[in-house]
Every structure is written in structure tokens, then in C-alpha cells.
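**Q** Residues in the sequence shown are numbered consecutively from 127, following the working numbering. Even glycine gets a Cβ: it sits at the ideal position worked out from N, Cα and C.
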Amino acid sequence: MAALTAYFDDSGTHDDSATVVVAGFVSSAQQWRRFTREWNKAKAEYGITDFHFAQFLANNKDTEFADKKKWNDVRKANVLRRLRSIAFTHSIHAFSCSVNRRDYDEVFSDSIREELGGHFTWTVRAVLGF
């Protein structure tokens with residue numbers, strides 16, 4: 127029997143976000159160690175301290191990606207190609223699920239929402255179901 131490791135990450139779980147997202151990867155423990163080693167190596171090569179996709183993509187002014195000359199579209203495309211390659215090489219499966227808060231609240235009654243959980247809980251349950 128093979129032991130698997132899952133990595134989950136979330137986005138939009140703060141109250142003012144319109145959408146909640148849960149995403150991640152499944153891999154063997156050995157491949158996950160390789161994933162982590164290669165990911166950290168790529169971050170060091172590109173001078174990235176803390177990678178957050180939304181901040182990276184938007185050149186968020188309060189982050190290390192604020193300098194649009196340094197973090198231009200060509201450089202960002204190269205970084206994404208490298209990180210994508212690492213993820214696909216060292217994972218068995220990638221997953222993601224998102225839910226629009228307003229749609230969730232509109233579609234499900236209070237009693238059903240109480241049973242299913244909040245936006246985040248529902249998205250975690252959905253990816254586990256995948």
C-alpha cells in the first residue's frame with residue numbers, strides 16, 4: 127500500500143472575498159519531498175521569498191512583486207512555466223474547487239448550509255469528493 131500526501135491551499139476565505147477557492151496536489155511522500163526541494167530551489171533562483179499567485183500575477187504594490195520592470199510578463203511566464211513543470215513532475219493529481227459566496231448562500235437554505243458547512247468547508251468537502 128502506498129502512502130500519499132496531500133497539500134491544500136485556500137484563497138478568498140476572508141469575509142470580503144466574493145469567491146472561496148481550495149486547491150492543491152496529491153503525491154507520494156517521496157515525490158512531495160522532491161516537489162518541495164525543487165520548488166524552493168526555483169524560488170531561490172528567481173529571488174522569491176513568499177509566492178502568492180494573486181500577488182504575483184497582479185504585481186501587488188505591497189509585495190515583493192511590485193516592481194513591474196523586474197516582474198514583467200516575460201519573467202512571470204518563465205516562473206510559471208518552471209513552477210508548473212515542478213508541480214506536474216512531482217504530483218499524482220492536482221485539484222481545485224471554487225464557490226461563489228453569493229451563489230452558495232442563494233442556492234442553499236439555512237438548514238442545508240448548516241448541514242454542509244460554510245463556504246470553505248463545502249469546497250474542502252468537494253475536493254475530497256474528487
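In chain order, what residues of the same chain lie with their CB nearer than 8 Å to the CB of Phe-234, ignoring the 5 residues before and after it?
**A** Contacts found: Leu-242.
**Q** Quick one, which of Thr-249, Arg-208, Tyr-230 has its alpha-carbon nearest Ala-170's?
**A** Residue Arg-208 is the option with its Cα nearest to Ala-170.
**Q** Taking the alpha carbon of Trp-248 as the reference point, which residue from Val-147, Arg-210, Arg-159, Ala-128 has its own alpha carbon closest?
**A** For the residues Val-147, Arg-210, Arg-159, Ala-128, the minimum Cα distance to Trp-248 belongs to Val-147.
**Q** Is the separation between the beta-carbon of Gly-150 and that of Phe-134 shorter than 7 Å?
**A** Yes, these two residues count as a Cβ contact at 7 Å.
**Q** Report buried or exposed for Ser-153, applying the criterion of at least 16 other Cβ atoms within 10 angstroms of its Cβ.
**A** Looking at its Cβ environment, which holds 16 or more other Cβ atoms inside 10 Å, Ser-153 is buried.
**Q** For Arg-239 and Asp-229, I'd like the C-alpha separation in whole angstroms.
**A** Near 12 Å, if we compare the C-alpha coordinates of Asp-229 and Arg-239.
**Q** In this structure, how does DSSP classify Asp-188 when only helix, strand and coil are distinguished?
**A** Note: Asp-188 maps to coil in three-state DSSP.
**Q** Let me make sure I understand the geometry here. Which of Phe-179, His-140, Asp-136, Ala-129 has the alpha-carbon closest to that of Ser-224?
**A** Comparing Cα-Cα distances from Ser-224 to each of Phe-179, His-140, Asp-136, Ala-129, the minimum goes to Asp-136.
**Q** What are the uninterrupted segments assigned as alpha helix (DSSP H) that are 4 or more residues long and contained completely in the segment 162-229, given in chain order?
**A** Taking only runs of at least 4 residues, the alpha helix (DSSP H) segments lying wholly in the segment 162-229 are 179-184, 199-215.
**Q** In the DSSP assignment, find the unbroken beta strand (DSSP E) run with Thr-131 in it and report its ends.
**A** Here the beta strand (DSSP E) through Thr-131 covers 130-137.
**Q** Determine the extent of the beta strand (DSSP E) in which Ala-144 is found, giving its start and end residues.
**A** No beta strand (DSSP E) holds Ala-144; DSSP gives it neither H nor E.
**Q** When you compare only the Cα positions, how much space is there between Asn-186 and Asn-204?
**A** Roughly 18 Å between the two C-alpha positions.
**Q** Can you check DSSP and say which residues form a bridge with Val-263?
**A** As shown, the chain starts at 127 and ends at 256. That puts residue 263 outside it, with no answer to give.
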